[in-house]
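Student:
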Amino acid sequence: MLANTARRMGFLAVATAFVIGVAAPAVHADPVDEKEKQIEEQFHTLEGVIEDYNRVNEEFKETAAKVEALEKELKPFEDQLAVLYEEVGAIARNIYMGGQMTGTMTALTTGSPDTLAERMTLLDQVTADSSDAIDRLNDAKASLDERKGVLDGLYETQSQQESEMKAKKETITADIERLSGERDKAYRDSRGLSDDSFIPPFVPGKRGEVVRFALKQVGDDYGWAAEGPDVWDCSGLMLGAWKQVGVHLPHNAAMEWNQLQHISRDELQPGDLVFYNGLNHVAMYIGGDHVVHASDYGIGVIISTVDKGGSPYYGSARVPGF
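Taking mature numbering (1 follows the signal peptide of the UniProt record, and there is no 0), I'd label the letters of the sequence shown as residues -29 to -1, 1 to 293.
(1) Is the stretch 223 to 235 touching the stretch 278 to 291, taking contact as three or more C-beta pairs under 8 Å?
(2) Please state if the CB of V174 and the CB of G258 are separated by a distance shorter than 8 Å.
(3) Out of V245, V27, E11 and V20, which one is the CA nearest neighbour of E127?
(4) Spatial neighbours of D260 within its chain, please: C-beta separation below 7 Å, excluding the five flanking residues on both sides.
(5) Could you check if N229 is buried or exposed, using at least 16 other CB atoms within 10 Å of its CB as the buried criterion?
(6) Do you know how far the Cα of G281 is from the Cα of R178?
(7) Cβ atoms of Y268 and E141: under 8 Å apart, would you say?
(8) To the nearest angstrom, how far is it from the Cα of I170 to the Cα of L17?
(9) Could you check whether V262 and Q215 sit closer than 8 Å to each other, using their CB atoms as the reference points?
(10) Assuming D146 and Q13 are in contact, meaning their beta carbons sit under 8 Å apart, how far apart are those beta carbons, in whole angstroms?
(11) Just checking, does the stretch 39 to 49 make contact with the stretch 110 to 119 on the three C-beta pairs under 8 Å criterion?
(12) What whole-angstrom Cβ distance do N251 and E29 have, given they're in contact under 8 Å?
(13) Per DSSP, which one or two residues make a beta bridge with W228?
(14) Are D123 and V38 closer than 8 Å when you measure CB to CB?
(15) Taking the runs of the beta strand (DSSP E) that are 3 residues or longer, which of them lie wholly in the stretch 196 to 223?
(16) Within the same chain, show all residues whose beta-carbon is closer than 8 Å to that of T34, passing over the 5 residues directly before and after it, in chain order.
(17) Relative to the C-alpha of Y284, which residue among I274, G249, G211 and P241 is closest?
(18) CB-CB under 7 Å to Q188, same chain, minus the five flanking residues each way: which ones, in chain order?
(19) Measure the alpha-carbon distance for K139 versus I270 and round it to whole angstroms.
(20) S282 by DSSP, collapsed to three states: which one?
(21) Would you mind sorting G242 into buried or exposed? The rule is 16 or more other CB atoms within 10 Å of its CB.
(22) Helix, strand or coil, according to DSSP, for L244 in the structure here?
(23) Please work out which residues of its chain come closer than 6 Å, Cβ to Cβ, to S266, disregarding the five sequence neighbours upstream and downstream, and give them in chain order.
(24) Taking just the CA atoms, how far does L41 sit from residue 298?
Encoded structure:
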């Protein structure tokens, strides 16, 4: 009797599960939500390209400054060589006037200061001190020219990288704009990508200046490698905000991370930076578990919860001394 009852109960359970399985409606993915996911995936890729561009741009500036400094450093040596060249030319002319000029000696007065040391060996009338001085100057200039050549090569390499990344960025941006045109703006807005209802707490002092500046940019457009005044990318907004209190941050999320003091998430205070997506995105903590950040094309500068500020969460950091 008990065995028969158990068999009947088992049959009913299987039958019920079958009916429920048949009756359950098919679950279809929301096409707009799928577009959102595609945009997010492609934008995560784009963030890496943009931050790579920003990094190279920072290095590019440093290289340009070094090249300019070396050019200034070279100038006095070039001027001194030109003076010595004129002095040697005068000596050679005096020799010529004395009837001692030969075809070999004529070569001394032609050319430029760059080959002066080599040509000086032809003129035994020049004092040893003068010859030594020219040798020292030419050696120093050769060393500086070599260093400048290295920097010029690096400058050219970075220019090529900059052009390549710009081309890559344009390709990805075109894809994002195509997807953005297909998604429903009203639906996107209804998802609350910008938490406009959140009222940030008052923050005093310099941290407050930084936070208020960032919040004033809410609604501004997103633009790659932009640092204001009306268009920003993620690291550019952090740069612009902290610049208000005399702190210079590099225009690159990874460089900002390397420059700052790393803290845990539960230590966050308004003005601290929150990093995402393998250091390819950065936001500013404003209190109440919220951040302000330059989010994406078509979205711009918005307020989000920390968890919605980017994906995945990487870490938090603080400007030393604040």
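Glycine included, every Cβ here is placed at the ideal spot set by N, Cα and C.
Since this is a predicted model, take the numbers as computed values, not measurements.
Tutor: On the basis of the supplied data:
(1) yes
(2) Working through the sequence shown from its first residue, we reach residue 258 at position 287. Working through the sequence shown from its first residue, we reach residue 174 at position 203. The answer is yes: Cβ separation under 8 Å.
(3) As a first step, residue 127 must be located in the sequence shown, where it is residue number 156. Comparing Cα-Cα distances from E127 to each of V245, V27, E11 and V20, the minimum goes to V27.
(4) Position 289 of the sequence shown holds residue 260. Excluding positions up to five away in sequence, the list reads T276 and V277.
(5) As a first step, residue 229 must be located in the sequence shown, where it is residue number 258. With fewer than 16 Cβ atoms within 10 Å of its Cβ, N229 is classed as exposed.
(6) Along the sequence shown, read from residue 1 onward, the residue named residue 178 stands at position 207. Along the sequence shown, read from residue 1 onward, the residue named residue 281 stands at position 310. Their Cα atoms are separated by approximately 23 Å.
(7) Looking up residue 141 in the sequence shown gives position 170. Looking up residue 268 in the sequence shown gives position 297. Their beta carbons are not under 8 Å apart, which means E141 does not touch Y268 by this criterion.
(8) The residue labelled residue 170 in the question sits at position 199 within the sequence shown. The residue labelled residue 17 in the question sits at position 46 within the sequence shown. I170 and L17: Cα-Cα distance of roughly 31 Å.
(9) The residue given as residue 215 occupies position 244 in the sequence shown. The residue given as residue 262 occupies position 291 in the sequence shown. No, these two residues do not count as a Cβ contact at 8 Å.
(10) As a working mapping, residue 146 is identified with position 175 in the sequence shown. As a working mapping, residue 13 is identified with position 42 in the sequence shown. Sure, about 6 Å apart at Cβ, within 8 Å.
(11) yes
(12) The count along the sequence shown starts at 1 and reaches residue 251 at position 280. The count along the sequence shown starts at 1 and reaches residue 29 at position 58. Taking 8 Å as the upper bound for CB-CB distance, N251 and E29 are not in contact here, some 15 Å apart.
(13) Working through the sequence shown from its first residue, we reach residue 228 at position 257. Note: W228 sits in no beta bridge, so no partner.
(14) Start at 1 with the first residue of the sequence shown, and residue 123 comes out as number 152. Start at 1 with the first residue of the sequence shown, and residue 38 comes out as number 67. For D123 and V38, yes; Cβs fall inside 8 Å.
(15) Whole beta strand (DSSP E) segments, 3+ residues: zero.
(16) Position 63 of the sequence shown holds residue 34. Apart from the 5 residues on each side of it in sequence, T34 sits with its Cβ closer than 8 Å to the Cβ of L122, L125, Y126 and Q129 in its chain, given in chain order.
(17) Translated into the one-based positions of the sequence shown, residue 284 becomes position 313. Looking at the Cα atoms, G249 is the closest of the given residues.
(18) Translated into positions along the sequence shown, residue 188 becomes position 217. Taken in chain order, the residues that qualify are W203, L208 and V272.
(19) Locating residue 139 in the sequence shown gives position 168, counting from the first residue. Locating residue 270 in the sequence shown gives position 299, counting from the first residue. About 21 Å.
(20) The residue labelled residue 282 in the question sits at position 311 within the sequence shown. S282: coil per DSSP, three-state reduction.
(21) On the sequence shown, residue 242 is found 271 positions in, with the first residue counted as 1. Result: buried.
(22) Residue mapping note: residue 244 aligns to position 273 of the sequence shown, counting from 1. Three-state DSSP puts L244 in a strand.
(23) Counting from one through the sequence shown, the residue named residue 266 turns up at place 295. Closer than 6 Å at Cβ, skipping near neighbours: I273.
(24) As displayed, the chain neither begins before -29 nor continues past 293, which places residue 298 out of reach and without an answer.
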